[in-house]
Amino acid sequence: MPKGSRMPKAVPDLRRVALLAIAALTLWRVLMLATMRTELWTDESQYWLWGQSLSFGAYSKPPLIGWLIRATTELAGNTPFGVRLAAPVLHGVTAGMVMALAARLANARVAALAGLTYATMPAATLGAMMMTTDTPLLCAIAAALLMQHRLAARASTRDAVLLGLALGLGFLSKHAMLFAMAGMGMAALVSPAWRITRRDATVAVAVALLLALPNLLWIASHGFVTLHHLAEDGAAKGFGLHLAGAARFLAEQFAVMGPLAFAAFLLGLRDTHPPIRGAAAVALVILGIVTLQALTSRALANWGVGFTVAGTIIAAHWLARHRALAFASLALGAAVAIALPLIATFGTGWRIGEGPLILSRYLGRAEVSQRAMDFATRNGATVIAASDRGLLADLSWQSHGTGLEIAAAPHDGPPRHHWDLALPLQADPDTPVALLMQGTEPPSCATGPSERWIAGPGFAEGRQMSLVLTTPECLTEAKDD
């Protein structure tokens, strides 16, 4: 080296730095799970129950989430931490795969930014604090997109099998994987960089169908109850033209991905670079399907969350050319990622003015269930019945290991929830049953001991709760009245 010359500055490995940041954030989330004071909410308790039977299907969703929860609770115990443990880990893995895909589509800077944008977006932060079907779905979508792009560059039986596994596991996570599969097909249409050979596609589809087949058979053997539920859920507002609903759904995506990241995604859609164009097709198809659903009936904010896998890459591709906005977007996401777990630990008593607890959805459930279990034990009942899915879900969770049986009160018509389908009341006619109700009066034939109270802080704050000792015969009579 010539005298007086300077050593060139080392260029940091941006992807390695980003991976370390994602790993640190994942560790933070896992550690905070152990300190959070929020209780399991209805869906989490329901998913936990599904994992106790390890069947190939359930009332409203595919079975993978129950299997995952069973695996983590076997490792970490039947605690909220054990139920939720897979969530932050899966989001960390998904962020790594988003980064790997972005590196193939663009460069190291975009890849690092995409991985960090995914890891810090509000949907990932919330998803890492509770166990939902969206979490394994997003991981499966990321894996499927990565395998599709690899196969488009080089045919490979191994990668085709991996693509099929990702598609099949995605379907077993949530049937919305079909939206992503439609997007992947559109990506192949608009960009050669996403087209795979017919042979690889055949292998992938065969593997995916093999994985999905047990769930499809389960659905068929149970009267297609899952499909009926999905149809009823989607048509809850009735079919029509709901412009406000569609506009609201799209506006909610600023909260799902983050305001700056979603704005960058929208601006980045103008990019004509073929690989990015293919990713845009994936995101737009998913978002378009659910927006159409919101327009014609209804859609919740998270129903289209699968678009964020490709969407964060498009956003990062645009933000990489606008460093100040990129920094602001990541800073905002990181602030939320740090703050929300702290609120779930220290803010369980917080309210806005005189309103309900800000975390009311995740509080007060154990108190109600414990009161019902104490009532049943005092009055010699080994069965607790209810009609409300939320009450049944928490009773099932809170009563594990107690010997108490939780059952759905008799009901005419198609199943309303998993307990109607799998755990209807089947005790002998004279068996003492503790009936738990929220906001309704006991049947007139229920003349046993009873309790009434107004629920305290939490999910049912201010509502009347009732317990009464009755029998299956009385509940059947009440159903027929």
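In terms of the UniProt record's numbering, the sequence shown opens at residue 1 and continues consecutively.
The C-beta atom is built at its ideal place from N, Cα and C for all residues, glycine as well.
Task: Exposure of L363, with buried meaning 16 or more beta-carbon neighbours within 10 Å - done: To locate residue 363, count along the sequence shown from 1; it is residue 363. By the 10 Å Cβ count, L363 comes out buried.
Task: C-alpha gap between A386 and L138, whole angstroms - done: Translated into positions along the sequence shown, residue 386 becomes position 386. Translated into positions along the sequence shown, residue 138 becomes position 138. The alpha-carbon atoms of A386 and L138 are separated by roughly 34 Å.
- [ ] Measure the alpha-carbon distance for L64 versus M131 and round it to whole angstroms.
- [x] One-based indexing of the sequence shown puts residue 64 at position 64. One-based indexing of the sequence shown puts residue 131 at position 131. Roughly 12 Å separates the two Cα atoms.
- [ ] With DSSP as the reference, please indicate the residues paired to W453 in a beta bridge.
- [x] What you label residue 453 is simply residue 453 of the sequence shown in a count that begins at 1. Answer is M465, bridged to W453.
Task: Q438 in three-state terms, based on DSSP - done: Position 438 of the sequence shown, counted from the start, is the residue given in the question as residue 438. Strand.
- [ ] Identify, in the order they occur along the chain, each residue of the same chain with its Cβ nearer than 7 Å to the Cβ of M7, setting aside the five sequence neighbours on each side.
- [x] As a working mapping, residue 7 is identified with position 7 in the sequence shown. The pLDDT assigned to M7 is 41, lower than 50, so where the model puts this residue is not dependable, and the model offers no usable value.
Task: When E44, S297, R15, L241 are compared against Q398, the one with the closest alpha-carbon - done: Walking along the sequence shown from the start, residue 398 turns up at place 398. The residue with the shortest Cα to Cα distance from Q398 is E44.
TODO: Just tell me which of L332, V282, K479 has its CA closest to the CA of residue 487.
DONE: Since the first and last residues shown for the chain are 1 and 481, residue 487 lies out of range.
TODO: Please name the residue, chosen from G96, A372, Q46, that lies closest to Q438 on a Cα-to-Cα basis.
DONE: Working through the sequence shown from its first residue, we reach residue 438 at position 438. Of the candidates G96, A372, Q46, the one whose C-alpha sits nearest the C-alpha of Q438 is A372.
- [ ] Sort out for me which residues DSSP pairs L54 with in a bridge.
- [x] Reading the sequence shown from its first residue, position 54 is the one you call residue 54. Paired residues: none, contrary to the question.
Open item on the list: Between A86, P274, S173, R37, which has its C-alpha nearest M186's C-alpha?
Closed with: Residue numbering aside, residue 186 sits at position 186 when the sequence shown is read from its first letter. Closest by alpha carbon: P274.
Task: Alpha-carbon to alpha-carbon, R277 and S191 - done: Numbered from its first residue, the sequence shown carries residue 191 at position 191. Numbered from its first residue, the sequence shown carries residue 277 at position 277. Each residue's Cα considered, the two are about 7 Å apart.
Task: Element boundaries [alpha helix (DSSP H), containing A376] - done: As a position in the sequence shown, residue 376 is number 376, starting the count at 1. Start and end: 365-378.
Task: CB contact flag (M184, A144, <8 Å) - done: For the purposes of this step, residue 184 is taken as residue 184 along the sequence shown, with counting starting at 1. For the purposes of this step, residue 144 is taken as residue 144 along the sequence shown, with counting starting at 1. It is a contact, given that the beta carbons lie within the stated cut-off.
TODO: Could you say if the stretch 66-77 and the stretch 436-451 meet the contact criterion of at least three C-beta pairs nearer than 8 Å?
DONE: no
TODO: Evaluate W303 with the Cβ neighbour count: other Cβ atoms within 10 Å of its Cβ, from every protein chain shown; 16 or more gives buried, anything less gives exposed.
DONE: Start at 1 with the first residue of the sequence shown, and residue 303 comes out as number 303. Buried, by the Cβ-count rule.
Task: Nearest neighbour of R351, chosen from D200, A376, P457 [CA to CA] - done: Here the question's residue 351 lines up with position 351 in the sequence shown. Per the Cα distances, P457.
Task: DSSP-derived helix/strand/coil call for A408 - done: Translated into the one-based positions of the sequence shown, residue 408 becomes position 408. Looking at A408 - three-state DSSP - the assignment turns out to be strand.
Open item on the list: For a quick check, are the C-beta atoms of A208 and L162 less than 8 Å apart?
Closed with: Locating residue 208 in the sequence shown gives position 208, counting from the first residue. Locating residue 162 in the sequence shown gives position 162, counting from the first residue. Cβ distance not < 8 Å, so A208 and L162 don't count as in contact.
Open item on the list: Quick check for students: name the residue ranges of the alpha helix (DSSP H) that lie wholly in the stretch 97-122, counting only runs of 4 or more.
Closed with: 108-120
Open item on the list: Cutting at 7 Å between CB atoms, please list the residues of its own chain near E405, excluding the five before and the five after it.
Closed with: As a position in the sequence shown, residue 405 is number 405, starting the count at 1. These residues qualify, in order along the chain: T382, V383.
TODO: Specify, as a first and last residue, the run of the beta strand (DSSP E) that A386 falls within.
DONE: Start at 1 with the first residue of the sequence shown, and residue 386 comes out as number 386. A386 -> beta strand (DSSP E) spans 383-386.
Open item on the list: Closest to M36 by C-alpha separation, out of L189, P341, A366, would be which residue?
Closed with: What you label residue 36 is simply residue 36 of the sequence shown in a count that begins at 1. Closest option to M36, Cα to Cα, is P341.
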